[in-house]
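A.B. asks: Before I ask anything, here is the structure I am working with.
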Amino acid sequence: MDRIRAPAVFSQRKRQKGLHSPNLSCNYEIKFHKLVIFIMQRKMGMTRRTFLMELARRKGFRVESELSDSVTHIVAENNSYPEVLDWLRGQAVGDSSRFELLDISWLTACMEAGRPVDSEMKYHLVGQDQSPPLSTAESEVPSFIASKVSQYSCQRKTTLNNYNKNFTDALEIMAENYEFKENEIFCLEFLRAASVLKFLPFAVTRMKDIQGLPCMGDRVRDVIEEIIEEGESSRAKEVLNDERYKSFKQFTSVFGVGVKTSEKWYRMGLRTVQEAKADKTLKLSKMQRAGFLYYEDLVSCVSKAEADAVSLIVKNTVCKFLPDALVTITGGFRRGKKIGHDIDFLITNPGPREDDELLHKGLLLYCDTIESTFVRDQLPSRKVDAMDNFQKCFAILKLYQPGVDNSSYNTSKNFDVAEVKDWKAIRVDLVITPFEQYPYALLGWTGSRQFGRDLRRYAFHERKMILDNHALYDRRKRIFLKAGSEEEIFAHLGLDYVEPWERNA
Ligand code: DCT
Ligand code: MG
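One point on numbering: in the UniProt record's numbering, the residue at position 264 of the sequence shown is 264, and numbering is uninterrupted.
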């Protein structure tokens, strides 16, 4: 049954009056004694976890609040297999093989069936069924020549299959710390290195493996060397324990809060999101107020299933105003990611008339609309991280959860539970582009950010061209190069075409 309802206007009224007391859950009769379920809160959020635990218990499943010895099945949402293993290690669980590790889709299937269903492969976590990564130590990859790896990620094909996550995670933590310190040069140095390692078709196990690769400066090599020798990077660990980093990480996880605001709050002595939320003297923007209001939902990632559900809603709604409009999912989901922090859409209307009105016609719940600032024939921006000039909207959409049935909750009065929240707030970016700029906008908004940065850098330094999300300008010929597809843009730049799922640089 399709329980995804059309979006309703966000009500400021707080529907959730409080959380249930976990003790009350004991009232349910256990029907299935053979399995004991534990639901991981990581990336799911407390509200949703509480809801799912109640739902499963109501259906007769035994669900533990803690990871006890009796647990047989661990359910995770938006977590890959390696992430769950990592988390278990953090819980001091040495042997994870005693658990069935399953995706949330398994629990949903159980709920629908009203009984436990087999833990088939389709319910496995992302990365669970992959063969162990290759190591050059065991098998030399003959076609791989380090010195031929381009410094530009737009000349590399990078899928989501990252054999070097242990290294790239540490390098990205270092990069983020420099981003928080507004040290762009060091930040990019670590991001570029991480991007190169993501591209490698094997797991790095010795320093020799990175010999000849681009973007491997001394600072980067130090981090890699320590991970090879010690299993972890003391520098990245230091960053993770650093008070300033921890606070900035929290603050920037609030919708509408960037590095500048984080700096201000940190200087005021604030350290956590809770402290910032409680501080009534803070002057918040409308966006930040929404960020706090829906914080729990927005920090839990968006799944592919949620992206598909939202996509349907957006397409149906846009279609009502503009029957011929083209609505395309971009960002990480177009690159094949299974989770994201938001859902990015590009909307264009073929034909001469572009629609400026669309974002003003009540499609959205929370929305911060920015009008188009594009001026005809303006030269592309040279800044690699410049914001484009499209009319766009950073929005929050209310998505009713599939598989969530509240009816029996509302009638069941034998225990004192608060009304269950059956929706999730989801971040959505809507970008409206004139039809002739659509391929450029699509290329830019598909990302990844690193891929986009390198495309622009490559265009400028190697082709004497300027590329942005609107156009490509040939500085030598002094002309704009028109393109009807992404393929044509790559061709203008003299680059081999890179498929969206190969742009995970
Ligand atoms: N982008 C852009 N101009 C902006 C913002 C973003 O060209 N002002 C591009 C870069 C990547 C893409 O749009 C989508 O941005 P994000 O949603 O931030 O990245 P993502 O790859 O979709 O990652 P996530 O999965 O976290 O949403
Ligand atoms: Mg995105």
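Don't be surprised by glycine CBs; every beta carbon is placed ideally from N, CA and C.
1. Which of the three DSSP states, helix, strand or coil, is assigned to residue 485?
2. Would you mind working out which of 315, 168, 202 sits nearest residue 191, comparing C-alpha positions?
3. Suppose contacts are defined by Cβ-Cβ distances below 8 Å. Is residue 235 in contact with residue 287 by that definition?
4. For residue 118, name the three-state secondary structure that DSSP assigns.
5. Sorted by chain position, which residues of the same chain lie with C-beta nearer than 7 Å to residue 72's C-beta, five sequence neighbours on each side aside?
6. Measure the CB-CB distance between residue 293 and residue 427 and report whether it falls below 8 Å.
7. If you count every other CB in all the chains shown that lies within 10 Å of the CB of residue 504, and 16 or more means buried, which is it?
8. Which residue marks the beginning of the beta strand (DSSP E) containing residue 64, and which one marks its end?
9. For residue 83 and residue 102, I'd like the C-alpha separation in whole angstroms.
10. Using only CA atoms, which one of 76, 51, 52 lies nearest to residue 42?
11. Taking just the CA atoms, how far does residue 333 sit from residue 501?
12. Using CA atoms only, rank isn't needed, just tell me which of 323, 431, 310 is closest to residue 374.
13. Let me make sure I understand the geometry here. Which of 232, 455, 215 has the alpha-carbon closest to that of residue 516?
14. When DSSP labels each residue in this structure, what does residue 544 get in the three-state scheme?
15. Is the Cβ-Cβ distance between residue 371 and residue 439 less than 8 Å?
16. If the criterion is Cβ atoms closer than 8 Å, does the pair residue 257 and residue 295 meet it?
17. Strictly by DSSP, which residues pair up with residue 103?
18. Buried or exposed for residue 199, please, with buried defined as at least 16 other CB atoms from any protein chain shown within 10 angstroms of its CB.
19. Helix, strand or coil for residue 387 per DSSP?
20. Measure the alpha-carbon distance for residue 134 versus residue 165 and round it to whole angstroms.
21. Just confirm the distance between the C-beta atoms of residue 303 and residue 48, as a whole number of angstroms; I'd bet it's less than 8 Å.
22. For the putative contact between residue 189 and residue 217, defined by C-beta atoms under 8 Å, what is the C-beta separation to the nearest angstrom?
23. Using only the heavy atoms of the ligand DCT, determine whether one of them is closer than 7 Å to the beta carbon of residue 287.
24. Near the ligand MG, which residues have their beta-carbon closer than 5 Å to a heavy atom?
25. Candidates 57, 45, 46, 53: which alpha carbon is nearest residue 29's?
26. At which residues does the beta strand (DSSP E) containing residue 427 begin and terminate?
27. Where does residue 272 sit, in a helix, a strand or coil, going by DSSP?
28. So, is residue 111 buried or exposed, given that buried needs 16 or more other C-beta atoms within 10 angstroms?
29. Would you check if the distance between the CB atom of residue 79 and the CB atom of residue 107 is smaller than 8 Å?
30. Which runs of the beta strand (DSSP E) at least 3 residues long sit entirely within the stretch 297-342? Give them in chain order.
31. Measure from the alpha carbon of residue 116 to the alpha carbon of each residue in 282, 31, 252, then state which is nearest.
32. How far does the beta strand (DSSP E) with residue 33 in it extend, from its first residue to its last?
33. Mark residue 330 as exposed unless 16 or more other C-beta atoms lie within 10 angstroms of its C-beta, in which case mark it buried.
34. Considering only DSSP beta bridges, list what residue 213 is partnered with.
35. By alpha-carbon positions, which one of 459, 387, 468 ends up nearest to residue 491?
36. Tell me, please, whether the stretch 257-275 touches the stretch 221-241 by the rule of three or more beta-carbon pairs shorter than 8 Å.
C.D. replies: On the basis of the coordinates in this document:
1. In the sequence shown, counting from the first residue as 1, residue 485 sits at position 485. Three-state DSSP puts residue 485 in coil, outside helix and strand.
2. Locating residue 191 in the sequence shown gives position 191, counting from the first residue. The candidate whose alpha carbon is nearest that of residue 191 is 168.
3. Position 235 of the sequence shown holds residue 235. Position 287 of the sequence shown holds residue 287. The answer is no: Cβ separation not under 8 Å.
4. Here the question's residue 118 lines up with position 118 in the sequence shown. If DSSP states are grouped into helix, strand and coil, residue 118 belongs with coil.
5. Looking up residue 72 in the sequence shown gives position 72. Cβ neighbours of residue 72 beyond the five flanking positions: 35, 36, 99, 100.
6. Here residue 293 refers to the residue found at position 293 when the sequence shown is read from its first residue. Here residue 427 refers to the residue found at position 427 when the sequence shown is read from its first residue. Going by C-beta atoms, residue 293 is not nearer than 8 Å to residue 427.
7. Within the sequence shown, numbered from 1, the residue matching residue 504 stands at position 504. Buried is the call here.
8. Numbered from 1 along the sequence shown, position 64 holds the residue referred to as residue 64. Run containing residue 64: 61-64, per the beta strand (DSSP E) assignment.
9. Residue 83 sits at position 83 when you count from the first residue of the sequence shown. Residue 102 sits at position 102 when you count from the first residue of the sequence shown. Going from the Cα of residue 83 to the Cα of residue 102 covers about 12 Å.
10. Within the sequence shown, residue 42 is the residue found at index 42, counting from 1. It is 76.
11. As a first step, residue 501 must be located in the sequence shown, where it is residue number 501. As a first step, residue 333 must be located in the sequence shown, where it is residue number 333. Taking the straight line from one Cα to the other gives about 9 Å.
12. Numbered from its first residue, the sequence shown carries residue 374 at position 374. Cα-wise, what sits closest to residue 374 is 431.
13. Given that the chain is displayed from residue 1 to residue 505, the structure contains no residue 516 and the question cannot be resolved.
14. Since the first and last residues shown for the chain are 1 and 505, residue 544 lies out of range.
15. Along the sequence shown, read from residue 1 onward, the residue named residue 371 stands at position 371. Along the sequence shown, read from residue 1 onward, the residue named residue 439 stands at position 439. Cβ distance not < 8 Å, so residue 371 and residue 439 don't count as in contact.
16. For the purposes of this step, residue 257 is identified with residue 257 of the sequence shown, where counting begins at 1. For the purposes of this step, residue 295 is identified with residue 295 of the sequence shown, where counting begins at 1. No.
17. For the purposes of this step, residue 103 is taken as the residue at position 103 of the sequence shown. Residue pairing by DSSP puts residue 103 in a beta bridge opposite 76.
18. On the sequence shown, residue 199 is found 199 positions in, with the first residue counted as 1. Buried: at least 16 other Cβ atoms inside 10 Å.
19. If you number the sequence shown from 1, residue 387 lands on position 387. If DSSP states are grouped into helix, strand and coil, residue 387 belongs with coil.
20. As a first step, residue 134 is located in the sequence shown; it is residue number 134 there, counting from the start. As a first step, residue 165 is located in the sequence shown; it is residue number 165 there, counting from the start. Residue placement at residue 134 is poorly supported in this model, since its pLDDT is 45, which falls under 50; the coordinates still yield a value, given next. C-alpha separation (whole angstroms): 13 Å.
21. Along the sequence shown, read from residue 1 onward, the residue named residue 303 stands at position 303. Along the sequence shown, read from residue 1 onward, the residue named residue 48 stands at position 48. Wrong, their Cβ atoms sit about 11 Å apart, outside the cutoff.
22. In the sequence shown, counting from the first residue as 1, residue 189 sits at position 189. In the sequence shown, counting from the first residue as 1, residue 217 sits at position 217. Their Cβ separation, rounded to whole angstroms, is 6 Å, which keeps residue 189 and residue 217 in contact under 8 Å.
23. Translated into positions along the sequence shown, residue 287 becomes position 287. Checking every heavy atom of the ligand DCT against the Cβ of residue 287, none is found closer than 7 Å.
24. So the residues near the ligand MG by this Cβ test are 331, 332, 340, 342, 344.
25. Numbered from its first residue, the sequence shown carries residue 29 at position 29. Of the candidates 57, 45, 46, 53, the one whose C-alpha sits nearest the C-alpha of residue 29 is 57.
26. Within the sequence shown, residue 427 is the residue found at index 427, counting from 1. That run of the beta strand (DSSP E) goes 423-433.
27. Counting from 1 along the sequence shown, the entry for residue 272 is found at position 272. If DSSP states are grouped into helix, strand and coil, residue 272 belongs with coil.
28. To locate residue 111, count along the sequence shown from 1; it is residue 111. Residue 111 should be labelled buried.
29. Start at 1 with the first residue of the sequence shown, and residue 79 comes out as number 79. Start at 1 with the first residue of the sequence shown, and residue 107 comes out as number 107. Not a contact, by the Cβ cut-off of 8 Å.
30. 326-329
31. Start at 1 with the first residue of the sequence shown, and residue 116 comes out as number 116. Of the listed residues, the one whose Cα sits closest to residue 116 is 31.
32. Taking the sequence shown and counting its residues from 1, one reaches residue 33 at position 33. 32-39 is the extent of the beta strand (DSSP E) around residue 33.
33. Within the sequence shown, the letter at position 330 stands for residue 330. Buried, because 16 or more other Cβ atoms sit within 10 Å of the Cβ of residue 330.
34. Here residue 213 corresponds to residue number 213 of the sequence shown, with the count starting at 1. Paired residues: none, contrary to the question.
35. Reading the sequence shown from its first residue, position 491 is the one you call residue 491. When each option's Cα is compared against that of residue 491, the closest is 459.
36. no
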